[in-house]
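Asker: Residue numbers (our numbering), protein chains in the order written: chain G, 4 to 252; chain W, 47 to 268; chain Z, 47 to 268; chain F, 280 to 485; chain X, 280 to 485.
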Ligand code: HEM
Ligand SMILES: Nc1ncnc2c1ncn2[C@@H]1O[C@H](COP(=O)(O)OP(=O)(O)OP(=O)(O)O)[C@@H](O)[C@H]1O
Ligand SMILES: Nc1ncnc2c1ncn2[C@@H]1O[C@H](COP(=O)(O)OP(=O)(O)OP(=O)(O)O)[C@@H](O)[C@H]1O
Ligand SMILES: [Mg+2]
Ligand SMILES: [Mg+2]
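1. Would you call the segment 220 to 233 of chain G in contact with the segment 84 to 103 of chain G, where contact means no fewer than 3 C-beta pairs closer than 8 Å?
2. Does the CB of residue 145 of chain Z have a neighbour CB from chain X at under 9 Å?
3. Does any CB atom of chain Z fall closer than 9 Å to the CB of residue 237 of chain W?
4. Compare the beta carbon distance of residue 144 of chain G and residue 76 of chain G with 9 Å and say whether it is the shorter of the two.
5. How do the segment 186 to 200 of chain W and the segment 252 to 265 of chain W stand: do at least 3 beta-carbon pairs fall below 8 Å, yes or no?
6. At which residues does the alpha helix (DSSP H) containing residue 70 of chain G begin and terminate?
7. So within the segment 124 to 199 of chain W, which uninterrupted alpha helix (DSSP H) runs reach at least 4 residues, ignoring any that extend past its ends?
8. For the alpha helix (DSSP H) that residue 422 of chain F lies in, which residues bound it at each end?
9. Counting only runs of 4+ residues fully inside the segment 424 to 472 of chain F, write out the alpha helix (DSSP H) ranges in chain order.
10. Exposed or buried, what is residue 427 of chain X when buried is set at 16 or more other beta-carbons lying within 10 Å of its beta-carbon?
11. By the criterion of Cβ-Cβ separation under 9 Å, what are the contact partners of residue 378 of chain F in chain W?
12. Run the CB neighbour count on residue 313 of chain F, radius 10 Å, all protein chains shown included, and call it buried at 16 or more, exposed below.
13. Step through the CB atoms of chain X and report whether any lies within less than 9 Å of the CB of residue 129 of chain Z.
14. List, in chain order, every chain G residue whose beta-carbon is nearer than 9 Å to that of residue 253 of chain W.
15. Nearest CA to the CA of residue 72 of chain Z: which residue from Z/241, Z/52, Z/154 and Z/58?
16. Checking 9 Å against the spacing of the C-beta atoms, do residue 102 of chain W and residue 228 of chain W come in under that value?
17. Based on Cα-Cα distance, which residue from X/408, X/445, X/285 and X/377 lies nearest to residue 397 of chain X?
18. Report whether the distance from the Cβ of residue 414 of chain F to the nearest heavy atom of ligand 2 is below 8 Å.
19. Mind checking the segment 340 to 374 of chain F against chain W and listing, in chain order, the residues whose C-beta falls within less than 7 Å of any C-beta there?
20. Answer yes if the segment 444 to 456 of chain X comes into contact with the segment 283 to 294 of chain X, meaning at least three C-beta pairs across the two stretches below 8 Å, and no otherwise.
21. Classify residue 206 of chain G as buried or exposed, calling it buried when 16 or more other Cβ atoms lie within 10 Å of its own Cβ.
22. Rounded to whole angstroms, how far is the Cβ of residue 65 of chain Z from the Cβ of residue 373 of chain X, which I believe are closer than 8 Å?
23. Can you give, in chain order, each stretch of the alpha helix (DSSP H) that sits fully within the segment 328 to 379 of chain F and has at least 4 residues?
24. If I'm right that residue 69 of chain G touches residue 82 of chain G with Cβ under 8 Å, what's the distance once you round it to whole angstroms?
25. Does residue 29 of chain G pass the burial test, meaning 16 or more other C-beta atoms within 10 Å, or should it be called exposed?
26. Looking at the C-beta of residue 387 of chain X, does it have a partner C-beta in chain F at a distance below 9 Å?
27. According to the neighbour-count rule (16 or more other Cβ atoms, all chains shown, within 10 Å of its Cβ), is residue 338 of chain X buried or exposed?
28. I want to verify the contact list: residues of chain W whose CB lies under 8 Å from the CB of residue 200 of chain Z, in sequence order.
29. Could you pull the start and end residues of the beta strand (DSSP E) that residue 309 of chain X belongs to?
30. Which partner residues of residue 116 of chain W appear in the DSSP bridge assignment?
31. Measuring alpha carbon to alpha carbon, tell me which of F/442, F/356 and F/416 ends up nearest residue 388 of chain F.
32. Check whether chain Z comes within 9 Å of residue 337 of chain X, counting only Cβ atoms and requiring the distance to be less than that.
33. Regarding residue 243 of chain Z and ligand 6, is the C-beta to nearest heavy atom distance less than 8 Å?
34. Going by other Cβ atoms of all chains shown within 10 Å of its Cβ, with 16 needed for buried, is residue 2 of chain G buried or exposed?
35. Run through chain X and tell me which residues come within less than 7 Å of residue 441 of chain F, C-beta to C-beta.
36. Verify the CB distance criterion: does residue 75 of chain Z have a CB-CB separation below 9 Å to chain W?
Printed below as a string of structure tokens:
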């Protein structure tokens, strides 16, 4: 399989470094604006839930981060696969940069879910909830990926070995997802209804959607800045980087 | 191909026989875990029955994870893996043969042993056959998954036993379906669905897993 | 003596740090066992609470056994143990230092970690302090016992990792007293008695165990 | 020259280890009857070079070709043409000497007679013993036996004389000479080049 | 002769391995300045003998005395007088060269300067690297460095020249000569006795 020609530019570290430098601030700016708008909409404009009162507002963090946590893993796996197959160091760099970000969002989803669980379900943690289990296992996947990388001295080797894990992991993500859900649908634990009240009103939904888009931009922004750092680390000895640093001095 | 498969499998079985105590270890581990639990819980009959399936499956899962940890390490450290990789034998076949040998040594005894232990957990008789069948379908997948973990970490030399962390999330479906099948059988419900799922996962794992293992081993040797 | 103790311990801690992934493994193992059980059992709140203590103790016991399996193997295989035995350092001190280093790496994190996991098992707050105290008293004994198993295993080389598992029954007192103390604390009863017993076992193990370990290692080198 | 008979061609080879470039711009060719003697002080990169030639590690630059194919891309059958004997013997400690050799014979699809080989190597008496119970030199001998269990035309030998007594060293030197005379090739790293009777037709000093 | 200055006395020594008697009725003495060169074909029992002399394994018959005490019964301090370097280097792969040497210095209660030693051995540049990333010869060099980290009067060396380049072999030969000149003793098993400059005052052929 051959990669299209335009794609090759993304294999060039200086190009991507510069691109990330240009796009980063814009994307970051958009993220800040959207998140600010979403927060305002969610905390101020949206009415309190008639069942849960104000505690439901944590949804504006919880749902976007849960969504990002899953999306990030898929991107990680795709990047890792590209890196492994076409020996593209930059793709590996992308995968590496995503891992800690994805893990953080996963953790955020877990933490906000747990905090939310206390007022709603009366407990921080419910072992029998499929989403919680799924999210926890996803966190393990991220941590495993990061631990595996950390255990290698040689970056090249770390790239390729962890790429294999990333790809195997993404194959498993849907399997885990569905197995956890099916399993619960049969074992009826203590019955918990989530946000069963009236269907979500527009006042509540709109800020949520804005937040989701905002979180996505935020993710992209974080990714670009980590990627820049990763490139610097990898191209430590490269001429273009030294010239760049020399220039800016 | 078949020759190579048999050669490699024969060698690994012979080695396992020579060092049987090492391979008996995970089984013993299983028996001990399964018997310590009732001791630590001192539950009533009913409780024991209700947690029995779960305990058995977790113990079986752990024991098969433990068994595979060293699958490739020995061959790495004495240089055998280099020789095998450089030989004309197709590497994928080699990998499958090694996993198969290991499954024979660690998986099959488990399939026999677990239902026996299950008896002492007051599991109803109908569930035992299902339990064995589910194990028969789940252990190959577990073997492949742990082989992936072992291959990923073998090149760490320093003993990357992070294996557990890597593989565990991947194993949870087997745990879930296996437990479900057993529980359903105990309740007299039809168990075809979870068993089919286990079989599907096994086919999937066996057909694609060895590729991942071979790739990881190759990188590890560099 | 103190010098040698610190030198050996320092070395082992440094090695553990270099290979952290290996040493993190038993802890991970603990977390995994503790979190898989509820998954496989899918129990209700009440059931979870009633089996929680037992699960935690069994998991902690297994994880500390696992941690020590390789305690002496590395030193045997690269010839370090020969050098240490032939050096003027008193061998008993060396053994104690190695066990101590390993306990710091594997026991202490467990003492911290277990109560945290216990929280998610809905264990009442009063029981947590007792749980930590019981672990503090029980883990050194477990470390010594598993060191005996590891020494026997390593000195039998090709055979006898089975001996390692023979250590397990010796561990059951710790399991029983530990679970009892935790359960009693959860019920608001006084817990001094089981804790005293754990302390007595620890003193006994620490004073006599290293002798057995040193003797086993000496034989192994011949 | 047909592809089949082409030898080993290293072109502008760079070898690095742990991020350090050890060898740079090395070019050489081995044809039937050629032997390259690789010498150099400890840590100069002899082992690393041989591993790259065997295709175990990728070159940092340049290429290694065997039978006109990049060595890392060789088809399984073509790999049979190369034998690599490194610092490690590649034998299982818990198999007997004979079982080890039988395994490697099967792996390489060879039919070589094992008994004669054991006699030649002075391993007849310990043939039924596990490798674990052999002395260092006996293990090395068993490791070298594997050269005769296959039809490799190119031998890559990393300090083959280690731990061998005089008779053993003489035997290895003789094997190499016979191999070259029969149209084989070899690249040999050694600190005792004088002990390898014929010496090399090519000398690579690192 | 005071006990303190007594050397190594092997009396009617029998050495067996795996139930087979390899050496029988061997008697010899080493005093200040003496070196015994142990030679013999592969598998003749050189390693087994040195391990018995070091007290790692019990003799099958007879006795080995050091400073007039049975070597297996030596008090810990007295053991400092004997250094054994076997086929294995006895170094941790995950410690750096320097850390390994520092550890062994502390273990032997010595104060020897490590930096000079590293320079002498040509290991200065890799001093901060883990042993795992060293070449075979570099590891051997680090293993031999341990001879200088202690005040052993008796050196028991099992094929010390393995994997060493010419400079390394010369250095070891020189160390041995200096050691003997300073009143030390040595028993050395080797397949290359000619490379050990002075040769031995005593020759044990197995
Ligand atoms: C630690 C605890 C929790 C975790 C790990 C968690 C995890 C998740 C995940 C992974 C999703 C995305 C689901 C998907 O798209 O399939 C999600 C969505 C959601 N969660 Fe949670 N959750 C937790 C607690 C809670 C609690 C306590 C509530 C409210 C009572 C809640 C309400 C929701 C809602 C409303 C959504 C989005 C709508 C939907 O997909 O149904 N979560 N959570
Ligand atoms: N661990 C062991 N158990 C049983 N027998 C052994 C063991 N190690 C070696 N032997 C046997 O003892 C004999 C002597 O071995 P030893 O290692 O002492 O020989 P060596 O003279 O050092 O040989 P080399 O020159 O190859 O190092 C050999 O024939 C070997 O088969
Ligand atoms: N696994 C490794 N990772 C990183 N660097 C390594 C590794 N192995 C060796 N090196 C480094 O690469 C260099 C060359 O090592 P190599 O083993 O090729 O040397 P050599 O010429 O075979 O030496 P010797 O004669 O000692 O066997 C050494 O300086 C060593 O420090
Ligand atoms: Mg080398
Ligand atoms: Mg020897």
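All C-beta atoms in this analysis are idealised placements derived from N, C-alpha and C, irrespective of residue type, glycine included. Just so you know, these numbers come straight off a predicted model, no measurement behind them.
Answerer: In brief:
1. yes
2. Start at 1 with the first residue of the third chain, and residue 145 of chain Z comes out as number 99. Not closer than 9 Å to any Cβ of chain X, the Cβ of residue 145 of chain Z fails to qualify, so no.
3. For the purposes of this step, residue 237 of chain W is identified with residue 191 of the second chain, where counting begins at 1. No, no contact with chain Z.
4. Here residue 144 of chain G refers to the residue found at position 141 when the first chain is read from its first residue. Here residue 76 of chain G refers to the residue found at position 73 when the first chain is read from its first residue. Result yes, Cβ atoms of residue 144 of chain G and residue 76 of chain G sit closer than 9 Å.
5. yes
6. Along the first chain, one-based indexing puts residue 70 of chain G at 67. Counting along the chain, the alpha helix (DSSP H) containing residue 70 of chain G begins and ends at 62 to 89.
7. 126 to 132, 137 to 148 and 154 to 166
8. Position 143 of the fourth chain, counted from the start, is the residue given in the question as residue 422 of chain F. 415 to 424 is the span of the alpha helix (DSSP H), which, as asked, contains residue 422 of chain F.
9. 445 to 460
10. Within the fifth chain, numbered from 1, the residue matching residue 427 of chain X stands at position 148. The residue in question, residue 427 of chain X, is buried, as its Cβ has 16 or more Cβ neighbours within 10 Å.
11. Stepping through the fourth chain from its first residue, residue 378 of chain F is reached at position 99. Neighbours of residue 378 of chain F on chain W, chain order: 57 and 60.
12. If you number the fourth chain from 1, residue 313 of chain F lands on position 34. Buried, by the Cβ-count rule.
13. The sequence position of residue 129 of chain Z within the third chain is 83, counting from 1. Yes, residue 129 of chain Z lies at the interface with chain X (some Cβ there is under 9 Å from its Cβ).
14. The count along the second chain starts at 1 and reaches residue 253 of chain W at position 207. Residues of chain G passing the Cβ test: none, with the nearest at roughly 12 Å.
15. If you number the third chain from 1, residue 72 of chain Z lands on position 26. Among Z/241, Z/52, Z/154 and Z/58, the Cα nearest to that of residue 72 of chain Z is on Z/154.
16. What you label residue 102 of chain W is simply residue 56 of the second chain in a count that begins at 1. What you label residue 228 of chain W is simply residue 182 of the second chain in a count that begins at 1. Yes, Cβ-Cβ distance for residue 102 of chain W and residue 228 of chain W is below 9 Å.
17. As a first step, residue 397 of chain X is located in the fifth chain; it is residue number 118 there, counting from the start. For the residues X/408, X/445, X/285 and X/377, the minimum Cα distance to residue 397 of chain X belongs to X/377.
18. As a first step, residue 414 of chain F is located in the fourth chain; it is residue number 135 there, counting from the start. Residue 414 of chain F Cβ: within cutoff of ligand 2.
19. 355, 356, 358, 359, 361, 363, 365, 367, 368, 369, 370, 371, 372, 373 and 374
20. no
21. Residue 206 of chain G sits at position 203 when you count from the first residue of the first chain. Its Cβ having fewer than 16 others within 10 Å, residue 206 of chain G is exposed.
22. Residue numbering aside, residue 65 of chain Z sits at position 19 when the third chain is read from its first letter. Residue numbering aside, residue 373 of chain X sits at position 94 when the fifth chain is read from its first letter. With a Cβ gap of about 6 Å, residue 65 of chain Z and residue 373 of chain X count as contacting.
23. 355 to 358
24. Your numbering for residue 69 of chain G matches position 66 in the first chain. Your numbering for residue 82 of chain G matches position 79 in the first chain. That belief does not hold up - the Cβ atoms of residue 69 of chain G and residue 82 of chain G are roughly 21 Å apart, past 8 Å.
25. Counted from its first residue, the first chain places residue 29 of chain G at position 26. Result: exposed.
26. For the purposes of this step, residue 387 of chain X is taken as the residue at position 108 of the fifth chain. It does not; no Cβ of chain F falls within 9 Å.
27. On the fifth chain, position 59 is the one that residue 338 of chain X refers to. Its Cβ being crowded by 16 or more others within 10 Å, residue 338 of chain X is buried.
28. Against the third chain, residue 200 of chain Z aligns to sequence position 154. Those within 8 Å of residue 200 of chain Z in chain W number zero; the least Cβ separation is about 12 Å.
29. Numbered from its first residue, the fifth chain carries residue 309 of chain X at position 30. Where residue 309 of chain X is concerned, the enclosing beta strand (DSSP E) stretches over 299 to 309.
30. Counted from its first residue, the second chain places residue 116 of chain W at position 70. Its beta-bridge partners do not exist; DSSP assigns none.
31. Counting from one through the fourth chain, the residue named residue 388 of chain F turns up at place 109. Answer by Cα proximity: F/356.
32. If you number the fifth chain from 1, residue 337 of chain X lands on position 58. Cβ-Cβ to chain Z under 9 Å: yes for residue 337 of chain X.
33. Judged by which ligands are present, ligand 6 is missing from the structure shown, whose ligands are ligand 1, ligand 2, ligand 3, ligand 4 and ligand 5.
34. The first residue shown for chain G is 4 and the last is 252, placing residue 2 of chain G beyond what the model contains.
35. For this step, residue 441 of chain F is matched to residue 162 along the fourth chain. Per Cβ cutoff of 7 Å: 441 and 442.
36. Here residue 75 of chain Z corresponds to residue number 29 of the third chain, with the count starting at 1. Closer than 9 Å: yes.
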